[in-house]
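In our numbering, the protein residues as written are 4 to 327.
Structure follows, in structure tokens:
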């Protein structure tokens, strides 16, 4: 709690002396100095000026549970199964998965200011700078097992695109099966994990990571081109965006549970980043090239391969030339 309290003090972007921080936390000046050093390990841009104290340059827009919930329509009962916001945790998906195992978790939401073990698709690390982006996981139950989940990741992509459009990011496009791009750079990612009965009642943990404001974050460990919402539309209120994202996720998953992906297919297709593009699909060590021709009613990627229609249910797709 000491770390969280200190971050809240510095979130305004103003200078605060060591004495002020020590008095607030009831610890010595030496202990406060050690706490400030820990903040640097979080990647926060800590600035020190003699005679003025410490500050986080530019401040932080911290998540506020009550503010987020107040911005969500009353018709969405997203807090009924729990709505947690953590400071720094391993992975929001891991917390949500544990909640799902306990039962009664349909509609549970978990967010964090930072993830220390965030994961993307195929086990890739998801860079999670503190207090800059949105790291969200939710639990949703399905009655018919894996058979009812076709097109789910694409449907979640539609929800993310809707939320981004609401804050002015109208140029977001969807890359099959689970990325959100802008100018062919990654803006958001989706990770789905299922547990329970593959043929009956199952729970899906829906993980979403959105780059909101990476401007002052350490990004040297990110290997692929990326972009954030702030560089597109300017300042973004994270609490307002989070409430918008939660609302769209709830509505889209409710619609998906009733009608499946077919009702969302046209909207996804209108946002298809690679429509009519020459693409490569990697399946293990095998590469298949063709022209992307949208998706079928189950969310499978449709390729025109030398005049033959082929549908892919998995794999990695890229517009880049085959290099290996």
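Using N, Cα and C, we set each Cβ at its ideal position, and we do this for glycine too. The structure presented is a predicted model; accordingly, all values stated were derived computationally and were not measured.
Practice problem: Take every Cβ of the stretch 187 to 203, pair it with every Cβ of the stretch 259 to 272, and state whether three or more of those distances are shorter than 8 Å. | Solution: no
Self-check item: Minimum length 3: unbroken beta strand (DSSP E) runs contained in the stretch 252 to 326
Solution: 281 to 286, 289 to 298, 304 to 308, 311 to 315 and 319 to 321, all fully within the stretch 252 to 326.
Quiz item: In terms of residues, what are the limits of the alpha helix (DSSP H) holding residue 236?
Solution: For the purposes of this step, residue 236 is taken as the residue at position 233 of the chain shown. Residues 232 to 236.
Quiz prompt | Separation of residue 308 from residue 316, as counted between CA atoms | solution = Counting from one through the chain shown, the residue named residue 316 turns up at place 313. Counting from one through the chain shown, the residue named residue 308 turns up at place 305. Cα-Cα distance, rounded: 15 Å.
Practice problem: Under 6 Å Cβ to Cβ from residue 235, same chain only, skipping five residues before and after it: list those, please. | Solution: Here residue 235 refers to the residue found at position 232 of the chain shown. Hits under 6 Å: 172.
Exercise. Would you mind sorting residue 116 into buried or exposed? The rule is 16 or more other CB atoms within 10 Å of its CB.
Key: Along the chain shown, one-based indexing puts residue 116 at 113. By the neighbour-count rule (16 or more Cβ atoms within 10 Å), residue 116 is buried.
Quiz item: Mapping DSSP to helix, strand and coil, what is residue 215?
Solution: Counted from its first residue, the chain shown places residue 215 at position 212. Three-state DSSP puts residue 215 in coil, outside helix and strand.
Practice problem: Could you tell me whether the Cβ atoms of residue 248 and residue 150 are closer together than 9 Å? | Solution: The residue given as residue 248 occupies position 245 in the chain shown. The residue given as residue 150 occupies position 147 in the chain shown. No.
Self-check item: Host alpha helix (DSSP H) of residue 39 (start-end)
Solution: As a first step, residue 39 must be located in the chain shown, where it is residue number 36. Looking at the DSSP string, the run of the alpha helix (DSSP H) that includes residue 39 is 32 to 44.
Quiz item: Based on the DSSP output, what are the partners of residue 114 in its beta bridges?
Solution: Translated into the one-based positions of the chain shown, residue 114 becomes position 111. DSSP lists 88 and 139 as partners of residue 114.
Practice problem: Would you kindly work out how many angstroms separate the C-alpha atoms of residue 256 and residue 30, rounded to a whole number? | Solution: Numbered from 1 along the chain shown, position 253 holds the residue referred to as residue 256. Numbered from 1 along the chain shown, position 27 holds the residue referred to as residue 30. Taking the CA atoms as reference points, residue 256 sits about 47 Å from residue 30.
Quiz prompt | Assigned exposure category for residue 205 - 16 Cβ within 10 Å defines buried | solution = The count along the chain shown starts at 1 and reaches residue 205 at position 202. With 16 or more other Cβ atoms within 10 Å, it is buried.
Quiz item: Should residue 15 go down as buried or exposed, given a rule of 16 or more other Cβ atoms within 10 Å for buried?
Solution: Taking the chain shown and counting its residues from 1, the one referred to as residue 15 is at position 12. That one is exposed.
Quiz item: Terminal residues of the continuous beta strand (DSSP E) containing residue 51?
Solution: For the purposes of this step, residue 51 is taken as the residue at position 48 of the chain shown. Per DSSP, residue 51 belongs to the beta strand (DSSP E) from 49 to 52.
Quiz item: Leaving out five residues before and five after residue 18 in sequence, what residues of the same chain have Cβ atoms less than 6 Å from its Cβ?
Solution: If you number the chain shown from 1, residue 18 lands on position 15. For residue 18, where only same-chain residues beyond five positions count, the Cβ hits under 6 Å are 55, 56 and 58.
Exercise. Check residue 98 in the structure and name its three-state DSSP category.
Key: Locating residue 98 in the chain shown gives position 95, counting from the first residue. Look at residue 98 here: in three-state DSSP terms it is helix.
Quiz item: Enumerated in chain order, which unbroken segments of the beta strand (DSSP E) with a length of 3 residues or greater are wholly contained in the stretch 127 to 202?
Solution: As far as the stretch 127 to 202 is concerned, its whole beta strand (DSSP E) runs of at least 3 residues are 137 to 145, 176 to 178, 182 to 185 and 188 to 199.
Quiz prompt | Other residues of its chain near residue 319: CB distance less than 6 Å, five sequence neighbours each side excluded | solution = Here residue 319 corresponds to residue number 316 of the chain shown, with the count starting at 1. Closer than 6 Å at Cβ, skipping near neighbours: 285.
Quiz item: For residue 144, which residues from the same chain have a beta carbon less than 6 Å from its beta carbon, with the 5 sequence-adjacent residues on both sides left out?
Solution: Here the question's residue 144 lines up with position 141 in the chain shown. The answer, listed in chain order, is 109 and 206.
Quiz prompt | For residue 79, the three-state DSSP class (helix, strand or coil) | solution = Taking the chain shown and counting its residues from 1, one reaches residue 79 at position 76. The answer is coil: DSSP assigns residue 79 none of H, G, I, E or B.
Exercise. Would you give the residue range spanned by the alpha helix (DSSP H) that residue 56 belongs to?
Key: On the chain shown, position 53 is the one that residue 56 refers to. Note, residue 56: premise wrong, no alpha helix (DSSP H); beta strand (DSSP E) at 56 to 59.
Quiz item: Is it the case that the Cβ atoms of residue 276 and residue 177 are separated by a distance below 9 Å?
Solution: Along the chain shown, read from residue 1 onward, the residue named residue 276 stands at position 273. Along the chain shown, read from residue 1 onward, the residue named residue 177 stands at position 174. It is a contact, given that the beta carbons lie within the stated cut-off.
Exercise. Enumerate in chain order the residues of its own chain whose CB-to-CB distance from residue 245 is below 6 Å, with the five nearest sequence positions on each side excluded.
Key: Taking the chain shown and counting its residues from 1, one reaches residue 245 at position 242. If we look at residue 245 and ignore the five residues flanking it on each side, its Cβ neighbours are 71 and 137.
Quiz item: With DSSP run on the structure shown, which of helix, strand or coil describes residue 249?
Solution: Against the chain shown, residue 249 aligns to sequence position 246. If DSSP states are grouped into helix, strand and coil, residue 249 belongs with the helices.
Quiz item: Near residue 75, what residues of its chain come up, given a Cβ to Cβ distance below 7 Å and the 5 sequence neighbours on each side ignored?
Solution: The residue you call residue 75 lines up with position 72 of the chain shown. Its chain contains 81, 246, 249 and 250 as the residues whose beta carbon lies nearer than 7 Å to that of residue 75, once the 5 sequence neighbours on both sides are disregarded; these appear in chain order.
Self-check item: residue 290 versus residue 306: straight-line alpha-carbon distance, rounded
Solution: Within the chain shown, residue 290 is the residue found at index 287, counting from 1. Within the chain shown, residue 306 is the residue found at index 303, counting from 1. When rounded, the distance between both Cα atoms is 13 Å.
Quiz item: Between the Cα of residue 202 and the Cα atoms of 297, 208 and 147, which residue gives the shortest distance?
Solution: Position 199 of the chain shown, counting from 1, holds the residue named residue 202. Among 297, 208 and 147, the Cα nearest to that of residue 202 is on 147.
Exercise. Assign residue 24 to one of two classes, buried (16 or more other C-beta atoms within 10 Å of its C-beta) or exposed (fewer than that).
Key: The residue labelled residue 24 in the question sits at position 21 within the chain shown. Burial call: buried.
Quiz prompt | Close beta carbons around residue 41, own chain, < 7 Å, minus the five adjacent residues each side | solution = Position 38 of the chain shown holds residue 41. For residue 41, where only same-chain residues beyond five positions count, the Cβ hits under 7 Å are 6.
Practice problem: Would you tell me roughly how many angstroms separate the C-alpha atoms of residue 51 and residue 28, rounded to the nearest one? | Solution: The sequence position of residue 51 within the chain shown is 48, counting from 1. The sequence position of residue 28 within the chain shown is 25, counting from 1. Cα-Cα distance, rounded: 19 Å.
Quiz item: What residue range is occupied by the uninterrupted alpha helix (DSSP H) comprising residue 7?
Solution: Taking the first residue of the chain shown as position 1, residue 7 is located at position 4. Here the alpha helix (DSSP H) through residue 7 covers 5 to 13.
Practice problem: Look up residue 208 in the DSSP assignment and give the residues it is bridged to. | Solution: Start at 1 with the first residue of the chain shown, and residue 208 comes out as number 205. Partner(s): 142 and 196.
Exercise. Look at the Cβ atom of residue 194, then the Cβ atom of residue 214, and state whether they are nearer than 9 Å.
Key: Along the chain shown, read from residue 1 onward, the residue named residue 194 stands at position 191. Along the chain shown, read from residue 1 onward, the residue named residue 214 stands at position 211. It is not a contact, given that the beta carbons lie outside the stated cut-off.
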